[in-house]
Amino acid sequence: MQFDLSAVETATLVFLGTLVFALVITLFMMTASFVALVLVGVGRLAWIIAANIVLWLVHGINHGWDRLVRHAATVELPGDRASDFVADIAAEIMGQPAPSTGSYPRVVLRDS
């Protein structure tokens, strides 16, 4: 059986053409929105991974620094006794300048 398009009215062809065009536009919009969702998801995943890596690095640095400070607090240096501390204070009071770092004497900065 042969289908002759000349037998179909023009209004019917316009209607069918409009439906086909609407289907093409719908498929394009669905594809574009799906691609946009995928890109947003990948971007969000990359952001979460980068933020977690930076957070992990900051926590690692803080943990390492805390361990270093705690270890440094337990180390006793030779000659770093209370008598040396008192001698430094006495020398400063008697007018002998103590080695300083800026505006604070070294004695003050030793505990910080």
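Each residue of the sequence shown is one higher than the one before, starting from -1 at the first, in this note's numbering.
Think of the CB as a built atom: it goes at the ideal place given N, C-alpha and C, for glycine as much as any other residue.
Because the structure is a prediction, the values reported are computed rather than measured.
Report task. With residue 3 as the anchor, note down where its alpha helix (DSSP H) starts and where it stops. Result -> Run containing residue 3: none; DSSP gives neither H nor E here.
Query raised in the report: Along the chain, where does the alpha helix (DSSP H) that runs through residue 12 open and close?
Result: 8 to 72
Query raised in the report: Can you list, in chain order, the residues of its chain whose CB lies under 6 Å from that of residue 39, leaving out five sequence neighbours each side?
Result: none
**Report entry** Rounded separation between residue 16 and residue 41 - CA only
**Finding:** 37 Å
Query raised in the report: Roughly how many angstroms separate the alpha carbons of residue 74 and residue 58, rounded to a whole number?
Result: 26 Å
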